[in-house]
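Taking it in order: structure first as structure tokens, then the write-up.
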Amino acid sequence: MSEWSQAVSNFKSAANETPTISGARGLQEEEPLLFEQDAPSRTGVDLPEQPRVASRLGAHARQGAIGLPGLSEPQVVRHYMRISQKNYAIDTGIYPLGSCTMKHNPRLNEKVARLPGLADIHPLQPLSTVQGALELMDTLAHWIKMLTGMPAVALSPGAGAHGELCGIMCIRAALDARKEKKRIRVLVPESAHGTNPATAAACGFTVDPIPANAEGRVDLAALKAKLGPDVAALMLTNPNTCGLFERDIREIADAVHAAGAYFYCDGANFNAIVGRVRIADLGIDVMHMNLHKTFSTPHGGGGPGSGPVVLADSLAAYAPMPWVVHDRKGFRLVEHKGGEAKAALGRIKGNHGQMGMFVRALAYMMSHGADGLRQIAEDAVLNANYLLASLKDQLTPSFPGTCMHEVLFDDTFLRDTGVTTLDFAKAMIDEGYHPMTMYFPLIVHGALLMEPTESESKDSLDRFIAVIRGLARRAKTGDVEYFQAAPRLTPRRRLDETLAARKPVLRWQPPPDRRAAE
Amino acid sequence: MSEWSQAVSNFKSAANETPTISGARGLQEEEPLLFEQDAPSRTGVDLPEQPRVASRLGAHARQGAIGLPGLSEPQVVRHYMRISQKNYAIDTGIYPLGSCTMKHNPRLNEKVARLPGLADIHPLQPLSTVQGALELMDTLAHWIKMLTGMPAVALSPGAGAHGELCGIMCIRAALDARKEKKRIRVLVPESAHGTNPATAAACGFTVDPIPANAEGRVDLAALKAKLGPDVAALMLTNPNTCGLFERDIREIADAVHAAGAYFYCDGANFNAIVGRVRIADLGIDVMHMNLHKTFSTPHGGGGPGSGPVVLADSLAAYAPMPWVVHDRKGFRLVEHKGGEAKAALGRIKGNHGQMGMFVRALAYMMSHGADGLRQIAEDAVLNANYLLASLKDQLTPSFPGTCMHEVLFDDTFLRDTGVTTLDFAKAMIDEGYHPMTMYFPLIVHGALLMEPTESESKDSLDRFIAVIRGLARRAKTGDVEYFQAAPRLTPRRRLDETLAARKPVLRWQPPPDRRAAE
Amino acid sequence: MRYLPHTAADRQAMLATIGVPTIDALFADVPAAARIEGLLDLPRAQGELEVERALGAMAAKNLAAGSCPSFLGAGVYRHHVPAAVDHLIQRGEFLTSYTPYQPEVSQGTLQVLFEFQTQVALITGMEVANASMYDGATSCAEAVMMANRLTRRKRAVVSGSLHPHYRDVTQTYGRFVGFETRLADPVPMAEENLAGLVDDQTSCVVVQNPGFFGELRDHTALAEACHKAGALLIVVVTEPVSLGAVKPPGAMGADIVAGEGQALGMGLVFGGPHLGLLATRERFVRQMPGRLCGETVDVDGRRGYVLTLSAREQHIRREKATSNICTNSNLCALAFSIHLALLGEAGFTRLAAINHGKAAALADRLAAIPGVGVVNDSFFNEFTLRLPKPAAPVVDRLARKRILAGVPVSRLYPRRKELRDLLLVTASETTTEQDMAALAAALEEAVR
Amino acid sequence: MRYLPHTAADRQAMLATIGVPTIDALFADVPAAARIEGLLDLPRAQGELEVERALGAMAAKNLAAGSCPSFLGAGVYRHHVPAAVDHLIQRGEFLTSYTPYQPEVSQGTLQVLFEFQTQVALITGMEVANASMYDGATSCAEAVMMANRLTRRKRAVVSGSLHPHYRDVTQTYGRFVGFETRLADPVPMAEENLAGLVDDQTSCVVVQNPGFFGELRDHTALAEACHKAGALLIVVVTEPVSLGAVKPPGAMGADIVAGEGQALGMGLVFGGPHLGLLATRERFVRQMPGRLCGETVDVDGRRGYVLTLSAREQHIRREKATSNICTNSNLCALAFSIHLALLGEAGFTRLAAINHGKAAALADRLAAIPGVGVVNDSFFNEFTLRLPKPAAPVVDRLARKRILAGVPVSRLYPRRKELRDLLLVTASETTTEQDMAALAAALEEAVR
Ligand SMILES: Cc1ncc(COP(=O)(O)O)c(C=O)c1O
Ligand SMILES: Cc1ncc(COP(=O)(O)O)c(C=O)c1O
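Residue numbers (the working numbering), protein chains in the order written: chain W, 3 to 520; chain U, 3 to 520; chain L, 436 to 883; chain F, 436 to 883.
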């Protein structure tokens, strides 16, 4: 047996009522690291003989072994099969992570994204050989512009945060063009996602927080008070991260513009309003959206994403390269500064953006159509409000009234129980549910932010509600230990994050004796 | 909540130390039947409007509802995701089912089987439009003939048992041609797979069992004694289901032929000898092989398979239609009796056989090549013998000496422990292992038949051995209850098979109130 | 070799544990005369890229039906299969598992089977269905054998409407298994008097609906006649999508339904693997061939599923089994079941309506071609054309223009001159306006 | 609509529970002026078949690189990806999960990341790597920002060997983030004196190896010069397969490696999504951008993995974060990791050797064409040709013959006349003898 196998079998957990010799728990297998299954010379890829020609590596050939493990294909397949089963996924259950829009990922989109004519094309092929690809990008741009009412879109950002960077850079470029170097403050509500202040700061701005009012929205008076000649922009999320529509948004926009600043909107929550609200009519200058949220491109455990940025006329000239132009000779790309890209802020990513995501998002848009996209927003909002209505007597909603696509609770309902939001979440895991977003937004205590999305059926929500209500009752009856010991039924139980951060082990290292032997 | 949800949540299992409200156990979700998620009018497929034309159904239109459940795509995907996770698979662990050859199923084969030029062709297209498909069948036939040394192969049988039927029909046809109507007995060793006697009986033969000798092989003397002018054939599995090579096979063949009978070989265990043994030189008249065993086409939870039958000159003329002929004008199919198919026994299956399996099997053969296929046999035999050598002091091998691709133990090692072979198997399940074949072959008591195949690494076998040895020790220490209560860690524990058979419930029925309401 | 995990060192170590010097020692039982020394005269191992290229080259020599207007049917139907189907059946947990003999770790496959059996029973209008057969043709032959057992008779009367492959397979089985098949002639739109052929030796009558020529018939009276004579009625369905629009066999009094499930969930795959369906009445279930999945409870009282009534099967009953079938078409049943789950009642009936509508539109269009006539009095999505000349050369000619015009009946009945000019044409939801126009134009030209 | 589970009745029931009469009530906060009444002027919902056809039609207008001889590189490389890779990354458990914030139900993704980080560290010869960035170009820009933080300086010296997209992105970031970029001219086979540009304001020097023109360089001396001046050396790798044959940055004293992982596990995908790699020394880890996965134990003492050192990240540190990155390229990292796991040491080094061998063979062949010269003194699998005329029109001409001849340098540097005749040509394990012959013949004709 390998060292790893021994380690696993030596383990006798107190929590395991039925310890096994293998460490496996029925269908839940234990799986070592790739590196612990190494046999030198073994490989999972058969390659032909190498051609016999004189080397052109010069003096630059690699010396010595790399240390990669050798496994056969069956081992590799089994490895990933087994570890995949230790993941929760939207495919396996409701994934109510607020602000993340974990919705159904249609398999059609995976299929079309793999058509050789879309997947097997090089970004630097002659444009005559990629007219269909450019048409697709242009069509996607058309949908995005129609859905938002905005005149321009930059497709290249790689994710939401990258879209923010793009948008803030556009604002900076516009201010530079206006020679307004003094505008160094960016106003960001306290409820904002971390990427907002991080983006503003990365671009050299000072981040100035705006408080929320008692209704979970921007405090208009406070905002107005903060506006001034040194303010570059407001970054506002709408619907915001409390799941609420900023009902003063047009006044906010007017105030921002009156102060000579720009209005950046974080559109991560566009799912709540797609097809129902025209972004252009809210007074927004620039907004990113996440194709991996609203338009269902799969999150893939943390990416890749795609964060197109729509721009008002005020900023459109600064959009980064490249972009697609459709003229009489067909489609072409503007890839370089100068000429029609005179004011463009430059390139912010290699190649032309996340084509693989564009295909999926466009397939999603076409599948839904104008009617289905509007229905998405309505069902997403309906589902969140259904959770709110069904849970509000057991949990504590943070703000009065209805919500948009997500519902925010705080931990008041857990007061004096000894159970924390985290404990509550871990008990949900034992019940087969991925927890909601926790402790975000920061403006309420022990936040529980639930976003069911439109993908959940009523029956699914009903089961979820029954479990949450049951757990809340259990917490209130004082069964603290139950919560503190949760989860019990997962491949691993609570993990020691402090240890991980204190003595970071960020990679596998060969065991000392093996290193010595080499 | 649906009725189903309520049923699940009402369930409080004695075995569950941590009961949950939902019935889920962490990542192990509970999932109702499709029918329990029905909402009329809902669908997971969007279809265009139907054309407005006059119906041609005449008086034959369907009346009333069918009763199919309506689900959306997200629900359907989640349904199958969840229930799939309740399956063990070769992809997730060793699957040592003796006689089943559960080996790695390469994903390359799935990929090529889906090439539109192979998957999206109709069996009745003009032959000019399917020359590549016929070439593929012809190439596969060439490989099979080369690997066995046999002059002919019938590709159309749908699985092993269908191949047996094909082979026994060929024998019957040959006997008919010889006008030997009196040959009504087929000799079948007691260790044979159930399909052998079932096939012979289906074709109207009397099945006459042959005992095994003390070494697990055909008792040659007993066989000779049974041979006579009323014997049509011997059906012999080689290597046999005890995992042993019939070392007297050539004498057996001679005796059978001397008696005027035919020698059918069940080639389900061809994996043990592929590339090392020439079937033609064993005196075999006809043999089926299972592409879904030796040549790795996936079992798919019980099919589809493919059972090509190789034939000696003695029987080749009787092969069923269709077959491929390659002549100067290209490839063509012989689909009808008469002419070159004068003696052919007829058609035994729709269309041309399991093309999807042919593609996969050929990809597998080409990937391994002559060298790799031989290595398969060697590694398969090596792995089985490694199990035998590593377990023989704790378990009780049924026969002396080494084995071929699988190793047979009986339950002597469990004598007086109170633990049965079945109990032992169920304890393996808790350890994360699929059990071996049990209680087969019938000639030893409480059989445990293990076939690791060549796909398992030494490390995988070592872990398996450690667990089996540990369980055997545990059984011998008298911990009967542990075994009798196993499995404890699976989505379901032991199921009541008697109840299932006594009061068969073979389909879902709408609950009475719902039926009344309709 | 990428699929073989052992290194040379592993093999040496394992041989040492076993206690033999070389691998050859483990093959000592093989007679010397049959040993292959060295390598066979076949290519050596190849990498993925090489294998993919070689098979890709063969694929490229075929005309994929999806790449051109295509109107073939005759028992194998091309429908759009939702992407989720093929994705889900490729999950290793489904794809690479064995027959669910250990129910505790096979509830996935077992629940699928229980649902599949229910779906098949529902659409055919029957009480129960099994877990699948190899294909429609073998299912038909096994249905006859089942009827023989149930009636203790050995004669099957077979309609001319039955697909010729099914007729052939049933006849082959009959010859070797030992039953008689009385085959009525294939006559398009015949009003067969099959009841007149039923006698006290007849175990069953086999008809197909929609028939091979596409015609629809109501077999209720035939069922009654059969039952009166102590025989059973077997109804074959080769296009399951028809059951979304057409009166099901169960509503006509069928005793056994043998069908082909390929049209749902599977592609064409050049004819296999496909999916044999078999449904019947509850009281006949113990004479059914093949696997059955049943509901039960586990020791904790929780609902679960097992393979059941195995006392019919070869692994338990050996020579007394109802059939020798073992491996069936499980993964195809899964594909069928997923496709039907996605469709649901609304989608399934609508799919059927669209298929019918497209076929009706196409029939009208083709009937307008001078010299071409639609033979059918009724049909679902497939109908028979009579051309003014032999159909096969016309089809070949259109194939050269990359139009797959349909199946000439002569491909299946090459010796029946009277059927020589007949062409089977199928439409489906995948048939476009352009496809129809292309066929109509090319056909008009070819028959001119 | 197939993706939306609610029926009209569901919606009514839910509105009743909520206590509002219509859905509009839930949108009451939206200013009237911004409400969309009715439907936008966009197509209505379409079925799978229609969507597949529409996108398939766009796909059909492109020339897939795999369908013709193709020699493009310049930062994006076409390799054969084993079928198991794409199968495994499509498993719903990987594909449809979120960032692994709940480690108890995310050990799958977390173990993948831990293994990925280790693999990246091993092949680059660095101590640690992060969990990925968007792509190579943004990774490069973030590496400079990281060097700025580590050195508290704000000037980057950038080699002419750096891919022009990386140069552009770094420059854009520099302009807005606030650091200076000193760009050396792109000169094929230049022996740059970058050390000479390093001063006490220089945070880092950025070089690429193999360089944009394919050349190989040893940057050990440069690393030493940097370190002496208190600056860091950033080495960019755009073709990770080269690391199977070429001395890795870690062995040259690199402080940060920014790379593009696309060549392993991913296809071309018209340029994205690809995979940003970032590796560094252990002591710099707290200034790294992006996610990191670390090993720990659970409450039962069992080994497990978590995201760690999040105190660098935006969701914890907000405006003080090391980067604003959140979503990265996790699924691409998975594909990369599976591909590399399949290759292993033996396969990876052999793949590199084959790539090099093919490129060398191709270079010899093309150099034999009159008027055509290979510019490189060294290369891995990509080299620069000098043609006797501008390269872009030649490439266009060959594209009309369905040969993708390479990348004309002018596509990336349109304003540099001196680079106009240069053509980047790449070979790989997918390049066949016939491919080479086709290119050689067509190129010879085109430059004649
Ligand atoms: C409100 C909000 N803004 C921005 C982001 C960042 O988007 P991304 O992860 O795509 O970079 C997120 C993602 O979680 C978000 O929820
Ligand atoms: C020895 C033997 N013969 C025949 C068969 C039947 O093959 P199939 O299941 O393909 O019909 C099997 C399958 O398990 C077998 O093991």
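Just so you know, even glycine gets a beta-carbon here, dropped at the ideal spot from N, CA and C.
Relative to the alpha-carbon of residue 635 (chain L), which residue among L:664, L:446 and L:556 has its alpha-carbon at the smallest distance?
L:664
Using a Cβ-Cβ cut-off of 6 Å (strictly less than) and excluding sequence neighbours within five positions of residue 520 (chain F), which residues of its own chain qualify?
700, 770, 773 and 774
Below 7 Å on C-beta distance, what does residue 438 (chain F) contact in chain U?
74, 75 and 76
Would you call the region 841-850 of chain L and the region 477-493 of chain L in contact, with 3 or more CB pairs under 8 Å?
no
Can you find at least 3 beta carbon pairs, one from the region 58-72 of chain W and one from the region 40-47 of chain W, that sit closer than 8 Å?
yes
Say yes only if the C-beta of residue 271 (chain U) is nearer than 7 Å to one or more non-hydrogen atoms of ligand 2, and no if none qualify.
yes
From which residue to which residue does the alpha helix (DSSP H) around residue 162 (chain W) run?
162-179
Is residue 309 (chain U) near ligand 2, with its Cβ less than 7 Å from a heavy atom?
yes
In three-state terms, what does DSSP make of residue 715 (chain L)?
strand
What's the C-alpha gap between residue 281 (chain U) and residue 469 (chain L)?
7 Å
Please report how far the alpha carbon of residue 239 (chain U) lies from the alpha carbon of residue 682 (chain L), in whole angstroms.
47 Å
At a threshold of 7 Å, does residue 197 (chain U) count as lining ligand 2 (C-beta to nearest heavy atom)?
yes
What's the C-alpha gap between residue 153 (chain W) and residue 752 (chain F)?
35 Å
Specify whether the region 713-725 of chain L and the region 790-797 of chain L touch according to this definition: at least 3 beta carbon pairs, one from each stretch, less than 8 Å apart.
no
Do you know how far the Cα of residue 529 (chain L) is from the Cα of residue 91 (chain U)?
7 Å
Straight-line CA distance for residue 264 (chain W) to residue 341 (chain W)?
26 Å
Would you say residue 86 (chain W) touches ligand 1, meaning its beta carbon is less than 7 Å from a heavy atom?
no
For a cutoff of 8 Å on Cβ pairs, would you count residue 589 (chain F) as touching chain W?
no
With 8 Å as the threshold, decide whether the Cβ of residue 725 (chain F) is near any Cβ in chain W.
no
Within a Cβ cutoff of 8 Å, which residues of the same chain sit near residue 702 (chain L), ignoring the five residues on either side of it in sequence?
513 and 516
What is the DSSP secondary structure of residue 488 (chain U), reduced to helix, strand or coil?
coil
Considering only the beta carbon of each residue, do residue 757 (chain L) and residue 161 (chain U) sit closer than 8 Å?
no
Can you give the Cα-Cα distance for residue 115 (chain U) and residue 298 (chain U), rounded to whole angstroms?
13 Å
Close beta carbons around residue 504 (chain W), own chain, < 6 Å, minus the five adjacent residues each side
none
At a cut-off of 7 Å, is residue 544 (chain F) close to ligand 1 when judged by its beta-carbon and the heavy atoms of the ligand?
no
When you compare only the Cα positions, how much space is there between residue 10 (chain U) and residue 27 (chain U)?
Its pLDDT being 47, under 50, residue 10 (chain U) is placed unreliably in this model, and the coordinates cannot settle the point.
Distance cut-off 7 Å: residue 302 (chain W) Cβ against heavy atoms of ligand 1
no
For residue 821 (chain L), list the residues DSSP reports as bridge partners.
L:808 and L:857
With a threshold of 16 other CB atoms inside 10 Å of the CB of residue 638 (chain L), please say whether the residue is buried or exposed.
buried
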